[in-house]
Amino acid sequence: MKKIPQTDAIFENVFRENQASDENSKSLRVSIDTKAKVKIGNLSRGGKARTLEAKAADDHDTQWQEVLVPFGILNTHSQQLSIYFGQSAETSDFIVDCLTAWWRENQHNYLELDEWVIDLDGGAATRSDRTQFIKRMVELSQAINLKIRLIYYPPYHSRVSASQTLLTNGFYESVELGKAAAKTETIY
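Residue numbering for the sequence shown follows my numbering, beginning at 42 and increasing consecutively.
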């Protein structure tokens, strides 16, 4: 992994801010990440499957029904992983729409919160200088009446985030479900 001179200081700040959130009963911390697009269809996946019985597939992966973008939100307290799928690219709007949907589905569990802490990497759609992302996050904060703090991992180190690890393991375990899905429901 690449390392910039500020990497250690950034990790110290990430640890300090995450610990403060974890110790505050009025703070909810989640970790977010996206994965590479996934083609859905009768695809051979290079002859690899995670099932006991091989699935019938086309000889060549030249046609697929859809391409989905997986986005994960990990509640770091409960370890609950929610995976959303979109049909667009990984955009600022897609990410904030997923966060909004997650909040609507889960807000009843967090009536006493003062803040929402979000661990993330500085990817193209979520960089702090990305005006559309920051604008949408401010709008979300105002709409749900919570302070939102964004905790960025150092450049080139997103793989250490909790959501990255769970998404990599959990998502690809569920890809087999996507292969067989006749109908998909997407957010964006």
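C-beta atoms are modelled at their ideal positions from N, C-alpha and C, and glycine is treated no differently.
Nearest-angstrom Cα separation, counted from residue j out to residue i
{"i": "Asn147", "j": "Phe52", "result": "29 Å"}
{"i": "Ser182", "j": "Gly164", "result": "21 Å"}
{"i": "Glu153", "j": "Ile185", "result": "12 Å"}
{"i": "Phe135", "j": "Gln60", "result": "28 Å"}
{"i": "Phe6", "j": "Gln120", "result": "The requested residue 6 does not occur in the structure, where the chain is confined to residues 42 to 229."}
{"i": "Glu131", "j": "Glu107", "result": "15 Å"}
{"i": "Arg145", "j": "Arg177", "result": "16 Å"}
{"i": "Glu58", "j": "Asn65", "result": "11 Å"}
{"i": "Gly127", "j": "Asp49", "result": "34 Å"}
{"i": "Leu109", "j": "Ser123", "result": "15 Å"}
{"i": "Val79", "j": "Val137", "result": "20 Å"}
{"i": "Arg168", "j": "Phe174", "result": "8 Å"}
Distance cut-off 7 Å: residue i Cβ against heavy atoms of the ligand HEM
{"i": "Pro111", "result": "Absent from the structure shown: the ligand HEM. Ligands present: none."}
CB contact flag (residue i, residue j, <8 Å)
{"i": "Arg171", "j": "Ser133", "result": "yes"}
{"i": "Asp160", "j": "Ile192", "result": "yes"}
{"i": "Thr117", "j": "Arg70", "result": "yes"}
{"i": "Cys139", "j": "Tyr151", "result": "no"}
{"i": "Asp74", "j": "Asp162", "result": "yes"}
{"i": "Ser68", "j": "Asp155", "result": "yes"}
DSSP three-state assignment for residue i, whether helix, strand or coil
{"i": "Asn170", "result": "First, the amino acid is wrong: residue 170 is Asp here, not Asn. In this structure, Asp170 counts as coil in the three-state DSSP scheme."}
{"i": "Asn116", "result": "strand"}
{"i": "Glu107", "result": "strand"}
{"i": "Ser133", "result": "helix"}
{"i": "Ser62", "result": "helix"}
{"i": "Ile51", "result": "helix"}
{"i": "Leu208", "result": "Model confidence at Leu208 stands at a pLDDT of 49, short of 50, so the residue's coordinates are unreliable and nothing is read from them."}
{"i": "Glu156", "result": "strand"}
{"i": "Lys188", "result": "strand"}
{"i": "Ile45", "result": "coil"}
{"i": "Asp162", "result": "coil"}
Integer-rounded CB distance, given that residue j should sit under 8 Å from residue i
{"i": "Ile189", "j": "Trp157", "result": "5 Å"}
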